[in-house]
Structures are given as C-alpha cells and as structure tokens.
Amino acid sequence: MAEQIQTRASGASLNEQARQEHQLGVGISQSSTSATANTTAGSKTSNPKPRSIVWDHFTKLSLEQTKGEEKAKCHHCKSEFLCNSSSHGTNGMLKHLKRRHKWIFVEKNQSLIGVTEGEEGPGRRKTTVSISYNTEEIRKMLAIFVIEDEMPFSVVEGRGFRQFVNRLEPRFTVPSRRTITRDCYQLFLDEKCKLKEFLKKSCVRACLTTDCWTSIQNISYMCLTTHFIDENWRLQKRILNFSQIDNHKGETIGKEIDRCLREWGIENVFTITVDNASSNDVAISYLRRKLKNWNGLVCEGEYMHMRCAAHILNLIVNDGLKDLNPSIVSIRNAIRYVRSSPQRLQKFKQVAHAEKISSGASLCFDVPTRWNSTYTMLEHAIPFQKAFERLEDEDEGYVTWFKDDRQPSSLDWNNARAFVQFLKLFYEVTLALSGSLHVTANCAFDEIQTINELLVKWSENEVDCVLGTMACNMRNKFDRYWGKIENINPLIYIGIVLDPRYKLEYVNFICDANYEIGTATLLKKKIANTLWQLYNFYIQESHEVSQTSDDSASHEESVITKEGLADMGWIQEVFDEFQANDAVINEIGGAMTSVTNQAIQEGNRMSRD
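Note that this note's numbering gives residue 539 to position 538 of the sequence shown, counting from 1, and the numbers run on in steps of one.
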C-alpha cells in the first residue's frame, strides 16, 4: 500500500513538472505522456521510458562511453550531464536548456530582442529591434547573404554552413542550392520593381554612363549606370543593366542602351558619358535620333555626348609612358621575382630588414588597363631600391631570373622617381574625377586647367630631359582632346559657372589666361550662348508643365516663355552688351536672377490659384 501511495505521489510530481514545462511553450512528447500514465497506474516495467521533455534534446550515452556513469549529451551544444534517476534526475538538464537554449521555450510568434546594422556609410549605427521567427524572412536574408557576399549557390549545401545554421536557429531548414537560386532571382525581380517605382517617382532627368569590355572568355559585356538628383536634392546612383552584347559596334551599343531605357521607363536623358572609342560616336548619334522622338532631350541632345575625363587622362598618361616603358618593365620584373614564391618573399624581407628599410608598404603589381596602378606599383617599390641592389649580391637566383631581360639600374630607379613625382597630380585628379557618390561636374574644368598648367611648365623644363620629353608627349595628346574648344562639351564650363565659389567671372578669367585673344573670345561667347540656351529651355519646360496642370488662359499669359523672354528688350540689351564687353558680367548675373525670381513668383502664384 505504501509502495502504491509512493508511486502515485511520484506520478503527480511528474505531471506537475510537465504542466509547468507546457506553459513555457514546450509540448510533452507522446512517449513521455504514455510513460507518465503507465507510472500513475502503478504498472511496473523493466525499462521505463524517459518521462521529461528534456529527452527531446538530450541523448543517454552508453556506460562504455562514460566509464560506468549515467550521462546524457545535449543535442545542441554537446554538453554532458549526469542523469542518474535516483541522485540527479532531469532538473540539471532542464536548467541548462532554459539558460543556454532559450529558444526552445519561445512561442512561435513571440518576439526576441536583436541587434541590426544600418546601411553602409560613415553614419552607420547598430540599433536594437524586436525580431520574431519568420521562415520567409530568414530565406530572404539568406538570399541577400549569397548576393552581397558573392557566395556560390552551393554554399547552402556545405556541411559546416548547415551545422552553423542549425546551431543558430534549429527551427530553420536550410534550402537547397536550387531553391536559393530561385529565391535570389525572385529577390532580383522584387528589387527591380521597387527601383522602377523609385525612378518613376524621383528621377526627373537622368545622366547615364556606360562602358564595354571583353572578358577572358572572349564575351562582350556592357554596363549602364544612371545618376540623378532625387526630390530631396540627393545624388543617386543606380546600376541599371549588366548585359551581354554581340560586339562593340556603335549601333549595337546604341540599340542595347535604347532597350535598357525602354525597359526601365527612362525617357528624359541629359547626358551620356562614354570613353573616346569611335564606336561610341555612332552609338550617341543613334540614341540622339531615338530620344528625339520621345521629347526627352535637353536642347535636342546638343550637349548629350560627354567624353569621360578620366579616360582622356588615362590616354594622356599612357602616351607619356612610352619613353619610360623599359624602366618600368625592369622594375616590374624585379617585383615579379620577389612575389613568385614565399621563400623569395621571405628572403627579400630579410634583405630589407638588413638595409633598415622601415617602409610599411608592400610590393604590388600593376594592371595594364589602369595607369594609376602603375603609379602605385612604382611608389611602393622605390623605397626598396637598396633592398633590390643587395638582393642582387646575395641571391644568385635573382641574377639568373633576368637571363633575357636587364635588371633595374640606377637610371631606371631615377626615371621611376621622376615618374612618380610628376604623375602624383594626375593620380589625385583621376581620383577626384572618378567619384560616383558626389558631384564632379563643377571640378572638371578646374582640374583640366591644373593639368594644362603642369604640362606647360614641365614641357619647358630643360634641366630634366626625361620629364621634359614625357611632358611634351602628354601635352600633344592633351591638345588633341582638350586643346581645341570645339572638342570640349560646354557643360564642363557650365558646371563651374553654377558653382557659387567661381561663377562666370572666374571662367572668363581662365579663358583669357590660357587661350589667345581670338580663341578666348569665341569660347566665352560659346559659354554665354550655352547658358542662355539652357536657361530658355528650362523656362519653356516650366511653362509646358504649368500649362499641363492648368489650361486657363490667364496662367498661360503670365508664364515667361522663350518667345516672351526675347520680347523683353532690356534683358536682350544686357545680353548683347555682354557679348561685346566683359565688364557687364555682374549686370547679366543680376538680370538672370531677376528673371528667375519672377518666374518663381509666377509659378508660386499659379500653385496657390
């Protein structure tokens, strides 16, 4: 009888424990329930089944593994606990689960506190958010991980990755690589729809950049990027297409850009920046014809073709490198020897340490298509000149390496120093003009003039004939692209005119200082005509927008149109006087400000009406 009472009390205690664990969000397994019922009924079995839910997360180890002790191992962290039923029980294992694996006791829809990082940038901060378990959201984040970190789709099938995810979130089943491929493509389609909506809402007029190249597999590709100012006056950059093309012919490039613009619904294009390949001239002509039919060009596309200033600088520098090429080749071969094996690199470090060279820069190779990488290679190699000379005395392999080529001599190192000194400015200008997250139109003219002054100065250098010859070659290439005013897009000048730090007076001063009187006069007239042409275009566009929003006759008469501007004789007189005499620059600025203010006032009045 006492044994029966003890059995019933033990069963009641187990039921109470199961009830508490069930309230924490964990169900009792069917086997555990059956075992409890059997015990309550007083039935005796030789091998009773585990009664606690901890056995869903623990496995009993054999006595051989534990040297005779009764132990159980956690499925999640592999921790071992004593589990003798008479002396230890399951309380220790249950506390372990509550302390180390809290997710087991979380309701399916219950939220957890997590930390998330904002977008990349200087102001990125970590924020605390409420996170609930969501399978679809985790799959989306897994697709983003594969895309942003450029991982192969097969990463999700790796054993280590699956073990990591299972340890992190056991409730999540890692999909196969085919499933994650479909998820990535669906994410692309979703983001494409969002970008279309964003462009439709925020992109009033787009500036495009494009480039083509051929891969090592002999496949041609084209990339198209758009830059625009959104409704909050922030510069935006988006890569629209990375597509395969049949060839680099101008018409092929033009058709592909036309297809991309139609796909994204972009009609209003201001400029297209391309390199100086002749095929791009054909592509721009093709696009100008197509875009005219859409009525999306500024001034009928007269200023649409923008030549890439960074590419022109690349051509100029490469032309100057021709005479220095043997010196560059010899230094490049010396670096290639050092970097060809770990043993040679270690030997070079020992030699550099013996010469007490404390430079923190490491030797690097250059890229044939980017001259600034050649500059970086030589800049890093020059401090190690003594180390290379010592390597020649202590390493026989270094001497035999130059069996067919010559080793870098003192003359080669002097040429490299002159090259680095001279091209440091070109390197800095290239970095300034290659910015994509800030506006560069207002600094292009100033940078071009800085390069011009440097070339003029060094081409007249009679002391260092190496620099003088290099500067002369580069100046000839400079004059080919930027020496003639008809080869320069006037928007380069307009960008600095609109910069409040310089304005029109500064541009006129630079024109007088760098060109002959006749050329300077023509250039200043060209800049003024471009200013007025753009001004009249936007006045007319503003009139058309206002007319579309309200067709009343009174509003039509109040807006300043291109024809109405021509009838305002006082402005035309100021403009004519400006063309004849540069002394009226401030007056023309005041006149344009007055007309602009009048147009704004009329627009505000119509908005209120």
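Glycine included, C-beta positions come from ideal geometry on N, C-alpha and C.
This one's a predicted model, so the numbers in the text were calculated from it and none came from an experiment.
Taking 7 Å as the limit between beta carbons, can you name the residues of its chain near residue i, skipping five residues before and five after?
| i | result |
| --- | --- |
| Phe162 | Val156 |
| Cys185 | Ala144, Val147, Ile148 |
| Lys291 | Asp259 |
| Pro491 | Tyr304, Lys527, Ile528, Thr531 |
| Ser435 | Ala311 |
| Tyr399 | Tyr338, Leu392, Glu393 |
| Ala388 | Phe349, Val352, Ala353, Glu356, Ile358 |
| Asn488 | Tyr482 |
| Ser216 | Tyr222 |
| Tyr494 | Phe446, Val508, Ile528 |
Report the three-state DSSP secondary structure of residue i (helix, strand or coil).
| i | result |
| --- | --- |
| His228 | strand |
| Val270 | strand |
| Gln351 | helix |
| Lys68 | coil |
| Ile181 | helix |
| Asn92 | helix |
| Leu438 | coil |
| Ser221 | strand |
| Ile489 | coil |
| Glu81 | strand |
| Asn515 | helix |
| Trp414 | helix |
| Thr174 | coil |
| Ser44 | In this prediction, Ser44 has a pLDDT of 45, which is less than 50 and means its spatial position is unreliable; what the coordinates show is noted afterwards. Three-state DSSP puts Ser44 in coil, outside helix and strand. |
| Leu236 | strand |
| Asp447 | helix |
| Lys250 | coil |
| Cys194 | helix |
| Asn537 | helix |
| Ala36 | Its pLDDT being 40, under 50, Ala36 is placed unreliably by the model, and the measurement read from it follows with that caveat. The answer is helix: DSSP assigns Ala36 an H, G or I state. |
| Asn242 | strand |
| Leu209 | strand |
| Ser133 | strand |
| Lys141 | helix |
Cβ of residue i within 6 Å of any heavy atom in the ligand ATP?
| i | result |
| --- | --- |
| Ser63 | Among the ligands in the structure shown, none appear at all, so the ligand ATP cannot be discussed. |
Spatial neighbours of residue i within its chain, please: CB distance less than 8 Å, with the 5 preceding and 5 following residues excluded, ordered by chain position.
| i | result |
| --- | --- |
| Asn319 | Trp372 |
| His439 | Leu236 |
| Leu412 | Ser328 |
| Asp247 | Ser221, Thr253 |
| Leu316 | Asn277, Lys478, Tyr482 |
| Met152 | Phe146 |
| Ala433 | Thr441, Cys444, Glu448 |
| Arg391 | Val352, Ala355, Glu356 |
| Leu499 | Asn443 |
| Asp513 | Ala521 |
| Lys141 | Asp184, Leu188 |
| Gly69 | none |
My guess is that residue i and residue j are in contact by the Cβ rule of under 8 Å, so how many angstroms apart are they, rounded?
| i | j | result |
| --- | --- | --- |
| Asn515 | Gln450 | 7 Å |
| Leu83 | Lys74 | So it is not a contact: roughly 12 Å between Cβ atoms. |
| Asp276 | Lys348 | Rounded, the Cβ-Cβ distance is 42 Å, inconsistent with contact. |
| Arg183 | Glu158 | 15 Å between Cβ atoms; not a contact. |
| Trp265 | Lys197 | 6 Å |
| Val467 | Ala419 | 5 Å |
Going by beta carbon distance, what residues of the same chain come within less than 6 Å of residue i, once the five residues before and after it are set aside?
| i | result |
| --- | --- |
| Val55 | Thr91, Met94, Leu95 |
| Asp367 | Ser374, Thr375, Met378 |
| Thr210 | Thr226, Thr274 |
| Ile267 | Ala207 |
| Ser203 | Asp231, Glu232 |
| Gly496 | Ala442, Asn443 |
| Leu241 | Leu225, Thr227, Cys261, Trp265 |
Would the stretch 358-369 count as touching the stretch 303-316 if we require 3 or more Cβ pairs under 8 Å?
With a cut-off of 8 Å, the stretch 303-316 and the stretch 358-369 do not count as touching, because too few Cβ pairs lie within range.
Complete alpha helix (DSSP H) runs within the stretch 355-411 (minimum length 4 residues, chain order):
Taken in chain order, the unbroken stretches of alpha helix (DSSP H) that lie wholly in the stretch 355-411 and span 4 residues or more are 372-382, 386-395, 397-402.
Would you list, in sequence order, the uninterrupted beta strand (DSSP E) runs of no fewer than 3 residues that lie entirely inside the stretch 452-483?
For the stretch 452-483, not a single whole beta strand (DSSP E) run of length 3 or above is found.
Just checking, does the stretch 458-471 make contact with the stretch 494-510 on the three C-beta pairs under 8 Å criterion?
Because the criterion of three Cβ pairs below 8 Å is not met, the stretch 458-471 and the stretch 494-510 do not touch.
Could you name each continuous alpha helix (DSSP H) segment of 4 residues or more that falls completely within the stretch 254-323, going from the start of the chain to the end?
Counting only runs of at least 4 residues, the stretch 254-323 fully encloses the following alpha helix (DSSP H) elements, listed from N- to C-terminal order: 279-295, 310-321.
Contact the stretch 285-294 vs the stretch 250-257: 3+ CB pairs below 8 Å:
The answer is yes - the stretch 250-257 touches the stretch 285-294, with three or more Cβ pairs under 8 Å.
Do the stretch 467-476 and the stretch 417-430 touch if we need at least three Cβ pairs shorter than 8 Å?
Three or more beta-carbon pairs drawn from the stretch 467-476 and the stretch 417-430 are found closer than 8 Å, and the two stretches are therefore classed as touching.
Pairing CB atoms from the stretch 328-337 with CB atoms from the stretch 293-308, are three or more of them under 8 Å?
Contact fails: fewer than three Cβ-Cβ distances are below 8 Å.
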